[in-house]
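Colleague: Below is the structure I would like to discuss, written out as structure tokens.
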């Protein structure tokens, strides 16, 4: 009985880690996209000011 309970707890822990990893990847992707947009906007602003 203990082994079954331990196996179920391990399974839940691994699925939780999987969900966390998916969230980390999604957040990183969103942060990278936000950064790219800000750099692009800044480059356009500098281009307008130097013309």
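Numbering (mature numbering (1 follows the signal peptide of the UniProt record, and there is no 0)), first residue to last: -20 to -1, 1 to 31.
Backbone N, C-alpha and C define an ideal beta-carbon position, used for all residues, glycine too.
A quick note: this is a predicted structure, and the numbers were derived from the prediction, not measured.
1. Measure the C-alpha to C-alpha separation of residue 17 and residue 10 and round it to an integer number of angstroms.
2. Distance check for residue -1 and residue -13, CA to CA, integer angstroms please.
3. Check residue 17 in the structure and name its three-state DSSP category.
Modeller: The short version:
1. 11 Å
2. 18 Å
3. Secondary structure at residue 17: helix, using DSSP grouped into helix, strand and coil.
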